[in-house]
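Just below is one structure, and these are the notes that go with it.
2 protein chains.
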Amino acid sequence: MESQGLLADRALLGRTSTAERVGDILRTRISAGYFPPGARLAEEEITEALGVSRNTLREAFRLLTHERLLIHELNRGMFVRVPDVDDVHDLYAVRKHVQCSVVRTAPTSPELLAPIAETIRAGKVALAEQNWQALGTADISFHEEMVALAGSDRITELMRGVLAELRLVFHVMDNPRWFHEPYLARNEEILDALREGNGARADELLYKYLDDAERQLVETYVLRRAEHVK
Amino acid sequence: MESQGLLADRALLGRTSTAERVGDILRTRISAGYFPPGARLAEEEITEALGVSRNTLREAFRLLTHERLLIHELNRGMFVRVPDVDDVHDLYAVRKHVQCSVVRTAPTSPELLAPIAETIRAGKVALAEQNWQALGTADISFHEEMVALAGSDRITELMRGVLAELRLVFHVMDNPRWFHEPYLARNEEILDALREGNGARADELLYKYLDDAERQLVETYVLRRAEHVK
DNA sequence: GCATATTTGTCCGTATGTATA
DNA sequence: CTATACATACGGACAAATATG
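Chains as they are written, first to last, in the working numbering: chain A, 5 to 234; chain B, 5 to 234.
Structure, rendered in structure tokens:
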């Protein structure tokens with residue numbers, strides 16, 4: 005009878021809980037940089053904006069905290085996480101272990117590779133249009149689709165979380181062109197190796213890719229820190 | 005001020021939230037089989053037993069739902085998950101990818117291997133005492149310690165979740181001796197390979213181990229299903 | 001350093017919707 | 001079909017911690 009908020013369709017769609025939908029909204033805003041790393045998410049502000057109760061919002065917070073997108077400081081509130089250098093190393097350790105193992109043993113039928121090819125096409129379009137935001141999205145999608153080859157829900161979900169965190173890292177860096185542009189060609193090389201059914205080569209190429217990306221991110225983190233300390 | 009429940013120390017230890025501690029309690033009970041797969045967790049019953057409010061308990065439920073230990077049926081309540089055959093396949097897919105990749109590249113200094121050796125020793129003690137519960141715990145600890153070699157928080161946490169789910173599978177099977185006993189010797193072989201710094205061999209042994217275990221579990225699931233349908 | 005205002009942590013009561021007997 | 005039981009989500013309350021002046 006009330007619920008005049010953005011979520012009034014609850015009764016109709018009723019599939020998912022309100023907290024989950026609020027979580028989706030917040031996750032999207034965080035990934036998009038609308039809530040940048042370090043930002044504080046005030047309860048009252050958001051409950052008003054979304055028209056949900058505090059209890060419901062807090063459940064949504066819990067969800068995102070578990071995904072490491074938010075951190076909870078006791079009696080201070082929720083903040084968008086600011087990944088540090090250790091996080092970068094850890095995220096790339098996961099990527100190296102999981103992604104490389106997946107591509108080495110993945111099935112490589114053309115139908116399965118089609119979604120991956122599509123992300124590369126999208127990347128080329130974004131590059132031509134100089135849409136760096138879209139280029140970054142395409143790059144991330146490439147990796148998401150690649151781990152989907154494993155056909156494992158848990159691995160897919162794991163990587164979705166890892167890549168969401170990585171978006172946070174990218175926001176800290178805030179230079180999508182410089183970071184994503186060089187990797188488009190390398191994505192295509194990896195796809196070619198998969199097309200040939202050469203998992204070992206795809207593994208090798210991907211490992212170097214990840215190692216280079218990690219090094220590049222860490223170097224920039226160190227520079228930033230130096231600036232900040234100065 | 006009141007809170008005469010089991011969590012009266014809240015104000016003192018204050019480190020973690022009440023919901024997290026409730027989650028820890030429930031997780032322990034589930035892993036121990038006190039709440040077996042399929043059991044329904046009624047809100048009122050548990051709020052009374054632990055002396056916490058519904059909101060607090062629901063936050064704890066959310067945590068465990070995310071760990072896949074509970075499932076939430078909309079408008080019906082929370083239940084301890086009953087993993088099915090697909091879950092078994094998926095869990096072992098994760099294990100093969102992650103654990104094998106880790107052991108192949110893990111550092112193998114004696115200090116790092118010590119905790120792994122300790123789990124094997126504990127397994128032997130359990131076997132001698134015919135304590136099958138302890139044998140299962142030792143087996144799981146072996147794998148937990150092995151992935152810890154990667155030195156990655158996220159991988160450790162991932163595997164903690166996977167192994168917690170696996171405990172659910174074992175409870176469905178409910179025959180710890182038959183399942184864990186044959187693997188103690190194989191654990192030791194893997195450790196020996198690591199001691200020699202032979203990651204490739206450890207990988208190979210572990211892969212066969214996991215493949216055999218998976219097959220064994222799936223076969224039993226199929227049998228159970230046949231019995232149940234009958 | 002202190003007093004005040006704001007925000008969070010926790011809990012309760014209630015209205016509404018949904019599933020089961 | 002009705003009745004009962006339960007889950008969802010809201011709003012309000014108060015203590016405790018924090019931020020502000």
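Backbone N, C-alpha and C fix where the C-beta goes; we use that ideal spot for every residue, glycine too. Being a predicted model, the structure only gives us computed values, none of them experimental.
message: So that I know if they touch, is there some Cβ in chain B lying closer than 9 Å to that of Thr109/A?
response: By one-based count along the first sequence, residue 109/A stands at place 105. Yes, contact with chain B.
task: Work out the CA separation of Asp143/B and Leu116/B for me, nearest whole Å.
output: Mapped onto the second sequence, residue 116/B falls at position 112. Mapped onto the second sequence, residue 143/B falls at position 139. Taking the straight line from one Cα to the other gives about 18 Å.
query: Which stretch, first to last residue, makes up the alpha helix (DSSP H) that contains Ala174/B?
result: Locating residue 174/B in the second sequence gives position 170, where the first residue counts as 1. Inspection of the sequence shows that residue 174/B is occupied by Phe rather than by Ala. Its alpha helix (DSSP H) spans residues 157–177.
query: Taking just the CA atoms, how far does Arg72/A sit from Leu61/A?
result: As a working mapping, residue 61/A is identified with position 57 in the first sequence. As a working mapping, residue 72/A is identified with position 68 in the first sequence. Approximately 17 Å between the Cα atoms of the pair.
task: Select from the stretch 65–78 of chain B all residues with a C-beta closer than 9 Å to any C-beta belonging to chain A, and list them in chain order.
output: Arg66, Leu67, His70, Glu71, Arg72, His76, Leu78
- prompt: Does DSSP put Leu73/A in a helix, a strand or coil?
  reply: Translated into the one-based positions of the first sequence, residue 73/A becomes position 69. Leu73/A: coil per DSSP, three-state reduction.
task: Could you run through the stretch 47–61 of chain A and flag, in chain order, every residue whose CB is less than 8 Å away from some CB of chain B?
output: Asn59
query: Checking contacts by CB at 9 Å: is Ile120/A closer than that to chain B?
result: If you number the first sequence from 1, residue 120/A lands on position 116. No, no contact with chain B.
query: Can you find at least 3 beta carbon pairs, one from the stretch 138–158 of chain B and one from the stretch 78–92 of chain B, that sit closer than 8 Å?
result: no
message: So if DSSP puts Gly81/B in a beta bridge, which residue, or which two residues, is it bridged to?
response: Here the question's residue 81/B lines up with position 77 in the second sequence. Looking at the DSSP assignment, Gly81/B forms a beta bridge with Glu77/B.
query: For Glu63/B and chain A, any beta-carbon pair shorter than 9 Å?
result: Locating residue 63/B in the second sequence gives position 59, where the first residue counts as 1. Glu63/B counts as touching chain A.
message: Let me see if you follow: with CB-CB separation under 9 Å, is Lys1/A close to chain B or not?
response: The structure shown does not extend to residue 1/A, since chain A is modelled only from 5 through 234, so no value can be given for it.
- request: Just the chain A side, please: which residues come within less than 9 Å of Ile159/B by C-beta, in chain order?
  value: Here the question's residue 159/B lines up with position 155 in the second sequence. The answer, in chain order, is Asp94, Ala97, Val98, His101, Val102.
- request: Starting from the C-beta of Leu139/B, find all residues in its chain whose C-beta is less than 8 Å away, skip the five residues before and the five after it, and write them out in chain order.
  value: Walking along the second sequence from the start, residue 139/B turns up at place 135. For Leu139/B, where only same-chain residues beyond five positions count, the Cβ hits under 8 Å are Gly127, Ala130, Leu131, Pro180, Arg181, His184, Glu185, Leu188.
- request: Could you run through the stretch 132–165 of chain B and flag, in chain order, every residue whose CB is less than 9 Å away from some CB of chain A?
  value: Ala154, Gly155, Ser156, Asp157, Arg158, Ile159, Leu162, Gly165
query: Between Ser105/A and chain B, is there a C-beta pair that is closer than 9 Å?
result: Working through the first sequence from its first residue, we reach residue 105/A at position 101. Closer than 9 Å to some Cβ of chain B, the Cβ of Ser105/A qualifies, so yes.
task: Compare the C-beta of Ala23/A against all C-beta atoms of chain B and say whether one is closer than 9 Å.
output: Numbered from its first residue, the first sequence carries residue 23/A at position 19. Ala23/A counts as touching chain B.
query: With distances taken from CA atoms, which of Glu47/B, Pro111/B, Asp91/B is nearest Ala197/B?
result: Sequence index remark: in the second sequence, residue 197/B carries index 193 (1-based). That would be Pro111/B, whose Cα lies nearest to the Cα of Ala197/B.
message: Quick check on this structure: which residue in Phe65/B, Pro40/B, Asn59/B, Pro41/B has the alpha carbon closest to the alpha carbon of Asp28/B?
response: Looking up residue 28/B in the second sequence gives position 24. For Asp28/B, the nearest C-alpha among the options comes from Phe65/B.
field: Whole-angstrom C-beta distance between Ile159/B and His70/A, which should lie under 8 Å
entry: As a first step, residue 70/A is located in the first sequence; it is residue number 66 there, counting from the start. As a first step, residue 159/B is located in the second sequence; it is residue number 155 there, counting from the start. His70/A to Ile159/B, Cβ: 17 Å. No contact.
- prompt: Do you know offhand how far Leu162/B's Cα is from Ala53/B's?
  reply: Numbered from 1 along the second sequence, position 158 holds the residue referred to as residue 162/B. Numbered from 1 along the second sequence, position 49 holds the residue referred to as residue 53/B. Between Leu162/B and Ala53/B, the C-alpha separation is close to 30 Å.
task: Would you decide whether Thr141/B is buried or exposed? Buried here means 16 or more other CB atoms lie within 10 Å of its CB.
output: Reading the second sequence from its first residue, position 137 is the one you call residue 141/B. Thr141/B should be labelled buried.
field: Presumed contact (8 Å Cβ cut-off) between Ala97/B and Ser156/A, rounded CB distance
entry: The residue labelled residue 97/B in the question sits at position 93 within the second sequence. The residue labelled residue 156/A in the question sits at position 152 within the first sequence. That belief holds up - the Cβ atoms of Ala97/B and Ser156/A are roughly 4 Å apart, short of 8 Å.
field: Residue burial classification, Asn235/A (beta-carbon count within 10 angstroms, cutoff 16)
entry: No statement about residue 235/A is possible, as the shown extent of chain A runs from 5 to 234 and does not include it.
- request: Assuming Gln103/B contacts Leu172/B (C-beta within less than 8 Å), just tell me the rounded distance between them.
  value: Walking along the second sequence from the start, residue 103/B turns up at place 99. Walking along the second sequence from the start, residue 172/B turns up at place 168. 19 Å between Cβ atoms; not a contact.
query: For the alpha helix (DSSP H) that Asn242/B lies in, which residues bound it at each end?
result: Missing from the structure shown is residue 242/B; chain B here goes from 5 to 234 and no further.
task: Return the Cβ separation of Glu238/B and Val92/B in integer angstroms, given the expectation that the two are a contact with Cβ distance under 8 Å.
output: The displayed coordinates of chain B run from 5 to 234. Any statement about residue 238/B would go beyond what the structure contains.
query: Asp216/A: buried (16+ other C-beta within 10 angstroms of its C-beta) or exposed?
result: Here residue 216/A refers to the residue found at position 212 of the first sequence. Exposed, since its Cβ has fewer than 16 Cβ neighbours within 10 Å.
Euclidean distance between Cα positions of Gly203/B and Leu195/B: Counting from one through the second sequence, the residue named residue 203/B turns up at place 199. Counting from one through the second sequence, the residue named residue 195/B turns up at place 191. Near 10 Å, if we compare the C-alpha coordinates of Leu195/B and Gly203/B.
message: In this structure, how does DSSP classify Leu54/A when only helix, strand and coil are distinguished?
response: For the purposes of this step, residue 54/A is identified with residue 50 of the first sequence, where counting begins at 1. Leu54/A: helix per DSSP, three-state reduction.
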